[in-house]
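I have placed the structure first, in the form of structure tokens, so that the comments after it can refer back to it.
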Amino acid sequence: MKPPILIIITSTIILGTMIVLFSSHWLMIWIGFEMNMLAIIPILMKKFNPRAMEASTKYFLTQATASMLLMLGIIINLLHSGHWTISMIPNPIASTVITIALAMKLGLSPFHFWVPEVTQGVPLSSGMILLTWQKIAPLSVLYQISPSINPNLLVAMAATSVLVGGWGGLNQTQLRKILAYSSIAHMGWMAAIMVYNPTLMILNLTIYIMMTLGTFMLFMHNLSTTTLSLSHTWNKLPLIASLILALMLSLGGLPPLSGFIPKWMIIQELTKNDMIVMPMFMAITALLNLYFYMRLAYATALTMFPSANNTKMKWQFESMKKMIFLPPLIVASTMLLPLTPMLSIMD
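Reminder that position 337 of the sequence shown reads as 337 in full-length UniProt numbering, one-by-one numbering, no gaps.
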């Protein structure tokens, strides 16, 4: 794609999300979503092949359906409240329809089926945008309407998302699908806390975005899309192999790393609200996620690729891509745990 076209498309994606973030008018929010959706399709089809075409079509159909439902919810709300302002939604039907539309945009279960398919069909860089930037706009709207969301609906979707995100990734060897299922599980954690403490959702989103960006950038630096190609890393880039190990453990939410902060605080907040079964269920299903992260870490950093000879000759091409944001992202994705007291005060 030519640079001027890429700049125009990227700026439209950013502008669409910004319009959603800063609007207090439902119509402007809807327009922002539409701009964002139409501009990301060329990004998904950057490498033009039948798989990318199929993935982009699936993405378009899902997001267009979600936009239609969102507009339906907005109109029902307009008929009942008489204004376009984004505030309390008095009508439960409007609230439910809008929540379902935003869940479809996010890929929360049971509307998650498009996420692995679309992520698998597009290049790593497009998948990275899809699983990070594209989550910001729908979550910001959910944050604004969180007082009028039906808690039972959201908690049910959160529980199934965490379960699907853990179960779906177990048998995968494709890295993009694994990260897509990981994304579904993380969205489940964010949805679970949305009604009780929306600020924690923003903390979880921030840490999730940093971890996912770091992981995608390491894979792009490696040019790897499968577990097999990742297992060659020890020979080519031993440092990258150990960084992938740290990031995988952080994504799994193990204690000394940043990924533990949101899980710890969300479980704490849910138990404060007299919910015992839900956080226990979420913590147990998080072990499924940890299992497939550990599989990746094992394939990358803890095994040596079987070779007939003992030479360490580098037989793969060096990556020419410069990942300038990788060092700060890796630091932020692994070493933020000491900041937890400060983050809990901000809540």
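Beta carbons: idealized from backbone N, C-alpha and C, even for Gly.
Just so we're clear, the structure is a prediction, and the values are computed from it rather than from any experiment.
Query                                                                                                  : Result
HIS112 (DSSP reduced to helix, strand or coil)                                                         : coil
Proximity of MET265 and LEU337 at Cβ, strictly below 7 Å                                               : no
Collapsed DSSP secondary structure at THR225 in the structure displayed                                : coil
Any 3 or more C-beta pairs closer than 8 Å across the segment 155–164 and the segment 210–218          : no
Anticipated Cβ contact below 8 Å, MET190 with LEU139, distance rounded                                 : 7 Å
Three-way DSSP call (helix, strand, coil) for HIS83 in this model                                      : coil
Beta-carbon proximity list for TRP30, same chain, < 8 Å, skipping 5 on both sides                      : SER67, LEU70, MET71 and ILE74
Bounding residues of the alpha helix (DSSP H) (the contiguous stretch that carries ILE89)              : Taken as a continuous stretch (DSSP letters only), ILE89 belongs to no alpha helix (DSSP H), as it is neither H nor E.
Member of SER11, ASN91, ASN204 and HIS221 whose CA lies at the smallest distance from the CA of MET320 : HIS221
Cβ distance (whole Å) where ILE43 is taken to contact ILE129 below 8 Å                                 : 6 Å
Three-state secondary structure assigned by DSSP to GLN268                                             : helix
First through last residue of the alpha helix (DSSP H) which encompasses ASN235                        : 233–236
The segment 169–180 in contact with the segment 255–272 per 3-pair CB rule at 8 Å                      : no
Helix, strand or coil at GLN172 [DSSP, three-state]                                                    : coil
Through-space distance from THR285 to THR119, alpha-carbon basis                                       : 22 Å
Own chain residues within Cβ distance below 6 Å of MET346, not counting five before or after           : none
Reference ASN36, options THR206, GLY16 and SER23, closest by Cα                                        : GLY16
Any alpha helix (DSSP H) of 4 or more consecutive residues that is wholly inside the segment 26–90     : 26–44 and 50–81
Environment of GLY121 [buried if 16+ CB atoms lie within 10 Å]                                         : buried
Candidates GLU34, PRO92 and ALA246: closest to ASN152 by CA position                                   : PRO92
Buried or exposed (CB count within 10 angstroms, at least 16 for buried), LYS135                       : buried
Contacting residues, own chain, Cβ-Cβ under 6 Å from ILE202 (five flanking each side not counted)      : none
Inter-residue Cα distance where the pair is TYR291 and PHE325                                          : 28 Å
VAL251 - DSSP class collapsed to helix/strand/coil                                                     : The residue you asked about is not Val; residue 251 is Leu in the sequence shown. It is helical.
Cβ contact check for the segment 49–61 and the segment 93–103: 3 or more pairs under 8 Å               : no
Beta-carbon proximity of residue 353 to ILE184, cut-off 7 Å                                            : Because the chain here runs from 1 to 347, residue 353 falls outside it and cannot be looked at.
7 Å CB neighbourhood of SER250 in its chain, flanking five on each side removed                        : MET211, LEU257, SER258, GLY259, SER333 and THR334
GLY214 - DSSP class collapsed to helix/strand/coil                                                     : helix
Coil, strand or helix - LEU336 by DSSP                                                                 : coil
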